[in-house]
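Asker: For reference, the structure I am asking about is given below.
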């Protein structure tokens, strides 16, 4: 049934087998800066007239999986940017923050030698470079991270009374050493949300891989920063993509932008896949000012407030354009 295609445990519209979904929300990876970007995006969308809590399907990767977990609790989108800006929260947002234990304090990565995550992935890329994902190859060579992901999962366990959200939620990770994308909530239905988000957030070289049911998982961004193609073929009226790791054309002309051109190309392929079925797609990605605010590291907590501030203004201006406003 169509509902089973979207969520094996909870169809998008309980009690219905026909496809009646309208909006899928994709929240990509991007570290601390990415979470701040998502908060700004969701707050701006709310101000423009669309509350992301109504999304029929949320697809979260890495930082986006953390934001998806908060959103599925019913925390108002305005609180997601207010927290980053140090502004007062709504009663619901304040209650969530109290249960979570305040802002997340990520420990510094542990230095020293560690074996590569999956060296065979890099060897396979050398043997068949035309058929291999460069992100997977690079991730395979990175040292196995040492920081436990419990710092992420414990917050979710403290705030979520149920093991999984009632509304359709997909969390993306990559199973190692095979390098296969795995979607918690679709492919794996015996893990709780906290475990799924830990797996999706296990950045190679920083966080320790996550073990579940005999399998090992790392950050879903190793496959794709957004994994937006998962929404293809499901009949959504529109797919909204928040992609903090790519960038607009003007952003990529500002000088060194790291892997953003690669991530933009990956996103473009996914968008083409979505549009091939006639799905409308709204892509929100950082402009030059936001890229400058993020700086060289998306994991710098000192830049969180500035990123949220600039991103909020940037996205609000974009959504105010007549073409985009009509879609909302």
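In the working numbering, the protein residues as written are 1 to 328.
We put the CB at the ideal spot given by N, CA and C, even for glycine.
All values reported here derive from a predicted model rather than from experimental measurement.
1) Using only the alpha-carbon positions, how far apart do residue 192 and residue 200 sit?
2) What are the start and end residues of each continuous alpha helix (DSSP H) run of 4 or more residues lying completely inside the region 26–53, in chain order?
3) Going by other Cβ atoms of all chains shown within 10 Å of its Cβ, with 16 needed for buried, is residue 314 buried or exposed?
4) How would you write the range of the beta strand (DSSP E) that residue 302 sits in, first residue to last?
5) Measure the CB-CB distance between residue 247 and residue 286 and report whether it falls below 8 angstroms.
6) Can you list, in chain order, the residues of its chain with a C-beta nearer than 7 angstroms to that of residue 149? Leave out the 5 residues immediately preceding and following it.
7) In terms of residue numbering, what span does the beta strand (DSSP E) encompassing residue 211 cover?
8) Does the beta-carbon of residue 298 have 16 or more other beta-carbons within 10 angstroms, so that it is buried, or is it exposed?
9) Rounded to a whole number of angstroms, what is the C-alpha to C-alpha distance between residue 227 and residue 221?
10) Would you call the CB atoms of residue 84 and residue 39 closer than 8 angstroms?
11) Nearest CA to the CA of residue 64: which residue from 82, 30, 272 and 77?
12) Evaluate the contact criterion for the region 225–243 versus the region 46–63: three or more CB pairs, one atom per stretch, below 8 angstroms.
13) State the CB to CB distance for the pair residue 81 and residue 43, rounded to an integer number of angstroms; the pair is presumed to be in contact (CB under 8 angstroms).
14) Counting only runs that start and end within the region 210–235, where is the beta strand (DSSP E) found for 3 or more residues in a row?
15) So, residue 77 versus residue 45, is the Cβ gap smaller than 8 angstroms?
16) Starting from the Cα of residue 194, find the closest Cα among 107, 230 and 155 and give me that residue.
17) Check residue 167 in the structure and name its three-state DSSP category.
18) Quick check on residue 104: buried or exposed, where buried means 16 or more other Cβ atoms within 10 Å of its Cβ?
19) Helix, strand or coil, according to DSSP, for residue 61 in the structure here?
20) Helix, strand or coil for residue 282 per DSSP?
21) In three-state DSSP terms, what is residue 241?
22) Could you check if residue 288 is buried or exposed, using at least 16 other CB atoms within 10 Å of its CB as the buried criterion?
23) Distance, Cα to Cα, residue 277 vs residue 268?
24) Nearest to residue 169 by alpha carbon, out of 107, 230 and 243?
25) Whole angstroms is fine: what's the gap from residue 37's alpha carbon to residue 244's?
26) For residue 195, which three-state DSSP category applies?
27) Can you tell me whether residue 138 is helix, strand or coil according to DSSP?
28) Expressed to the nearest angstrom, what Euclidean distance is found between the alpha-carbon atoms of residue 134 and residue 34?
29) In angstroms, rounded to a whole number, what distance separates the CA positions of residue 49 and residue 308?
30) Quick one: measure Cβ to Cβ for residue 22 and residue 184, integer angstroms, because I've assumed they're closer than 8 angstroms.
31) Is the beta carbon of residue 173 less than 8 angstroms from the beta carbon of residue 217?
32) Could you check the C-alpha separation between residue 153 and residue 27 for me, to the nearest Å?
33) What's the C-alpha gap between residue 303 and residue 32?
34) For residue 196, count the other beta carbons within 10 Å of its own beta carbon; 16 or more makes it buried, fewer makes it exposed. Which is it?
35) Can you check which of these residues, 290, 92 and 167, is closest to residue 260 by C-alpha distance?
Answerer: If we stick to the structure as given:
1) If you number the chain shown from 1, residue 192 lands on position 192. If you number the chain shown from 1, residue 200 lands on position 200. Using only the alpha carbons, I get a separation of about 13 angstroms.
2) 31–48
3) Start at 1 with the first residue of the chain shown, and residue 314 comes out as number 314. Classification for residue 314: buried.
4) Position 302 of the chain shown holds residue 302. That residue, residue 302, is in no beta strand (DSSP E); it is neither H nor E in DSSP.
5) By 1-based counting over the chain shown, the position of residue 247 is 247. By 1-based counting over the chain shown, the position of residue 286 is 286. Cβ distance < 8 angstroms, so residue 247 and residue 286 count as in contact.
6) Translated into positions along the chain shown, residue 149 becomes position 149. Taken in chain order, the residues that qualify are 198, 201, 202, 207, 208 and 210.
7) Sequence index remark: in the chain shown, residue 211 carries index 211 (1-based). Per DSSP, residue 211 belongs to the beta strand (DSSP E) from 210–212.
8) Within the chain shown, numbered from 1, the residue matching residue 298 stands at position 298. Buried.
9) Taking the first residue of the chain shown as position 1, residue 227 is located at position 227. Taking the first residue of the chain shown as position 1, residue 221 is located at position 221. Approximately 8 angstroms, taken between the alpha carbons.
10) Here the question's residue 84 lines up with position 84 in the chain shown. Here the question's residue 39 lines up with position 39 in the chain shown. A contact, by the Cβ cut-off of 8 angstroms.
11) Position 64 of the chain shown, counted from the start, is the residue given in the question as residue 64. Of the candidates 82, 30, 272 and 77, the one whose C-alpha sits nearest the C-alpha of residue 64 is 30.
12) Yes: the two stretches touch, three or more of their Cβ pairs being nearer than 8 angstroms.
13) The count along the chain shown starts at 1 and reaches residue 81 at position 81. The count along the chain shown starts at 1 and reaches residue 43 at position 43. About 4 angstroms; that satisfies the 8 angstroms criterion.
14) 210–212 and 215–219
15) Against the chain shown, residue 77 aligns to sequence position 77. Against the chain shown, residue 45 aligns to sequence position 45. Yes, the Cβ-Cβ distance between residue 77 and residue 45 is below 8 angstroms.
16) The residue given as residue 194 occupies position 194 in the chain shown. Selected option, being the one with the closest Cα: 155.
17) Position 167 of the chain shown holds residue 167. In the displayed model, residue 167 falls within coil according to three-state DSSP, outside both helix and strand.
18) Numbered from its first residue, the chain shown carries residue 104 at position 104. Classification of residue 104: exposed, given that the 10 Å Cβ count is below 16.
19) In the chain shown, the residue the question calls residue 61 occupies position 61. Residue state for residue 61 is assigned as strand, using DSSP reduced to three classes.
20) Position 282 of the chain shown, counting from 1, holds the residue named residue 282. In the structure shown, residue 282 sits in a strand (DSSP, three-state: E or B).
21) Here residue 241 is taken as the residue at index 241 of the chain shown, counted from 1. Three-state result, residue 241: strand.
22) The count along the chain shown starts at 1 and reaches residue 288 at position 288. If you draw a 10 Å sphere on the C-beta of residue 288, you find 16 or more other C-beta atoms in it, and that means buried.
23) As a first step, residue 277 is located in the chain shown; it is residue number 277 there, counting from the start. As a first step, residue 268 is located in the chain shown; it is residue number 268 there, counting from the start. Put simply, the backbone Cα of residue 277 is about 15 angstroms away from that of residue 268.
24) For this step, residue 169 is matched to residue 169 along the chain shown. Looking at the Cα atoms, 230 is the closest of the given residues.
25) Residue 37 sits at position 37 when you count from the first residue of the chain shown. Residue 244 sits at position 244 when you count from the first residue of the chain shown. About 6 angstroms.
26) Position 195 of the chain shown, counted from the first residue, corresponds to residue 195. Three-state result, residue 195: helix.
27) Here residue 138 refers to the residue found at position 138 of the chain shown. Residue 138: helix per DSSP, three-state reduction.
28) Here the question's residue 134 lines up with position 134 in the chain shown. Here the question's residue 34 lines up with position 34 in the chain shown. CA-to-CA, the gap between residue 134 and residue 34 works out to about 21 angstroms.
29) On the chain shown, residue 49 is found 49 positions in, with the first residue counted as 1. On the chain shown, residue 308 is found 308 positions in, with the first residue counted as 1. About 20 angstroms.
30) Locating residue 22 in the chain shown gives position 22, where the first residue counts as 1. Locating residue 184 in the chain shown gives position 184, where the first residue counts as 1. Between residue 184 and residue 22 the Cβ distance is about 23 angstroms, and since that is not below 8 angstroms, they are no contact.
31) Residue 173 sits at position 173 when you count from the first residue of the chain shown. Residue 217 sits at position 217 when you count from the first residue of the chain shown. The criterion of a C-beta distance shorter than 8 angstroms is satisfied by residue 173 and residue 217.
32) Here residue 153 is taken as the residue at index 153 of the chain shown, counted from 1. Here residue 27 is taken as the residue at index 27 of the chain shown, counted from 1. Distance between the alpha carbons of residue 153 and residue 27: 18 angstroms.
33) As a working mapping, residue 303 is identified with position 303 in the chain shown. As a working mapping, residue 32 is identified with position 32 in the chain shown. Approximately 9 angstroms between the Cα atoms of the pair.
34) Counted from its first residue, the chain shown places residue 196 at position 196. Answer is buried; the Cβ neighbour count reaches 16.
35) Within the chain shown, numbered from 1, the residue matching residue 260 stands at position 260. For the residues 290, 92 and 167, the minimum Cα distance to residue 260 belongs to 290.
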